[in-house]
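One structure is given here, and the rest of the page talks about it.
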């Protein structure tokens, strides 16, 4: 009877099964899917990087073309003759040094003030317990959702009555405080153990001392992130200076570059693109210097997407 297995045969089969090396689950299909997903991810990132770099490449290329070749048809991605006169002319025939000075003053001053006020206020919201703290913080953060265009006219009237319009102080005072900066710093402060503050209080350190001597040194990544974001925002700001700065000696780089395009038919795009390339250099330097801390600060403050 084939359905009945003899004891000796059964024992030999079990012994063979026990001596057989275990077959490993290679997971080949899952490994192949992961590899395909990784390749597709790299391809998507490469396409996105290419799309981001094309305008920058076009800007640099156009800055090295004569004005009549910038928008020639068909498109010339590289200049037929490399013309560096745009960089010479923009330094000798424009007020770019004054524009850069004004932009640098605004960007540096506002960045320092935003880091100071944002860090100081964030410490209060993160470490000081007082009645209505969470409601006040929520109301303050909610102002991020209010567009500046909705209240810029009352703000302009107020600053004009204070005789601050047409001065750099108008831009500095408007941007010295940032709800986003407070939010960013508070998120980072909450990652620092509370025990450090408690130990400092037991040792007799005041709240101001705890903020300055403990929290600020430990929050370098968040400060670097806020510094970079604020500097770039102020450096690239166009609407604020356009509203408040009417004196050409107070113009920023963005307002000054706009003068190269007086109308659709009278524009020196070669000079404008040369100015745009120059305007990108400080931002690139700041980003390269703080890249490591910027990424760390974004990752640890809960702002990572």
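In UniProt numbering, the protein residues as written are 1 to 305. Where a beta carbon is used, it is the ideal one built from N, C-alpha and C, also for glycine. The structure displayed is predicted, hence computed values, not measured ones.
| Check | Outcome |
| --- | --- |
| Given that a residue counts as buried once 16 or more other Cβ atoms are within 10 Å of its Cβ, and exposed if not, what is residue 90? | buried |
| Suppose you measure from the CA of residue 4 to the CA of residue 41; what does that come to, to the nearest Å? | For residue 4, the pLDDT reaches just 47, beneath the cut-off of 50, and the residue's location in the model is therefore unreliable, leaving the point undetermined. |
| For residue 68 and residue 260, what's the separation of their Cα atoms in angstroms? | 14 Å |
| If you compare alpha carbons, which of 94, 135, 152 is closest to residue 175? | 152 |
| Less than 8 Å separating the beta-carbons of residue 277 and residue 88? | no |
| Suppose contacts are defined by Cβ-Cβ distances below 8 Å. Is residue 227 in contact with residue 111 by that definition? | yes |
| Using only CA atoms, which one of 269, 272, 170, 292 lies nearest to residue 221? | 292 |
| Assuming contact is defined by CB atoms lying nearer than 8 Å, are residue 179 and residue 140 in contact in what I supplied? | yes |
| Taking 6 Å as the limit between beta carbons, can you name the residues of its chain near residue 1, skipping five residues before and five after? | Reliability fails at residue 1, whose pLDDT of 44 lies under 50, so the model's placement of it is uncertain and no value is given. |
| Alpha carbon to alpha carbon, how far is residue 101 from residue 223? | 24 Å |
| Just grab the DSSP bridge partners of residue 261 for me. | 267 |
| With a CB to CB cut of under 7 Å and the five nearest residues on each side skipped, what residues in its chain are close to residue 76? | 69 |
| Over what stretch of residues does the alpha helix (DSSP H) that includes residue 100 continue unbroken? | 96-127 |
| Using the beta-carbon count (16 or more within 10 Å), is residue 65 buried or exposed? | buried |
| Going by beta carbon distance, what residues of the same chain come within less than 6 Å of residue 219, once the five residues before and after it are set aside? | 188 |
| Taking 8 Å as the threshold (C-beta atoms), are residue 171 and residue 253 in contact? | no |
| Just the C-alpha distance for residue 149 and residue 142, rounded to the nearest angstrom, thanks. | 16 Å |
| Please report how far the alpha carbon of residue 166 lies from the alpha carbon of residue 118, in whole angstroms. | 26 Å |
| Sorted by chain position, which residues of the same chain lie with C-beta nearer than 6 Å to residue 275's C-beta, five sequence neighbours on each side aside? | 90, 257 |
| Would residue 186 be called buried (16 or more neighbouring beta carbons within 10 Å of its own) or exposed? | buried |
| Using C-beta distances below 6 Å, list every residue in its chain close to residue 147, excluding the 5 sequence neighbours before and after it, in chain order. | none |
| Rounded to a whole number of angstroms, what is the C-alpha to C-alpha distance between residue 53 and residue 47? | 10 Å |
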